[in-house]
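Enquirer: Going letter by letter, the sequence shown gives residues 483 to 615 in the working numbering.
Take a look at this one; I'll ask things after.
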Amino acid sequence: MRAAVQHQRHQAYDPAHLALDPYVAVARKRRLLAKHRRPKVRFFSKTTLQLMAMVAMIFIFSHALITAVSGSVTLIKLQRQHTKVQQAHQQTLVKNQEIKNTLSVYTSPAGIEELARNNLEMVGEDEVLVRIY
Numbered sequence: 483m484r485a486a487v488q489h490q491r492h493q494a495y496d497p498a499h500l501a502l503d504p505y506v507a508v509a510r511k512r513r514l515l516a517k518h519r520r521p522k523v524r525f526f527s528k529t530t531l532q533l534m535a536m537v538a539m540i541f542i543f544s545h546a547l548i549t550a551v552s553g554s555v556t557l558i559k560l561q562r563q564h565t566k567v568q569q570a571h572q573q574t575l576v577k578n579q580e581i582k583n584t585l586s587v588y589t590s591p592a593g594i595e596e597l598a599r600n601n602l603e604m605v606g607e608d609e610v611l612v613r614i615y
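Here is the structure:
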């Protein structure tokens, strides 16, 4: 089949035969278009375009590098802050526990009596308050 098509392409230049052959018609159209085709107008030369692409790639990579470095610095700062916050949290928990222990002492009857005697200067019914300055 392919040999028959090749044979048809190379037959004599019969205009009736050439009009029927799709390969010849396409080739003829290409030749005619090539004659009338305008040359491509380039705004930049090929080396200029390559240079612009290289500058763009350098800009992109440098921006990515700067972003990565600043991100890692920010991460280190945040980790330090996190450590400080955890330490403050632990100190607050310890202080909270001390306050709870103190509260539990003062909620008992003996603790209330001690608070009244020491801070409010109160005495029992059969006691006398003596102040020494």
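Note that CB positions come from ideal geometry on N, CA and C, so glycine has one too.
No experiment lies behind these values; they were computed from the predicted model shown.
Secondary structure at ALA494, three-state DSSP: helix, strand or coil?
Expert: Here the model assigns ALA494 a pLDDT of 48, short of 50, so the residue's position is not dependable and the matter cannot be decided.
Enquirer: Consult DSSP for TYR588 and reduce its assignment to one of helix, strand or coil.
Expert: In this structure, DSSP gives TYR588 a helical state, which the three-state scheme calls helix.
Enquirer: Mapping DSSP to helix, strand and coil, what is PHE543?
Expert: helix
Enquirer: Is LEU575 helix, strand or coil by DSSP?
Expert: helix
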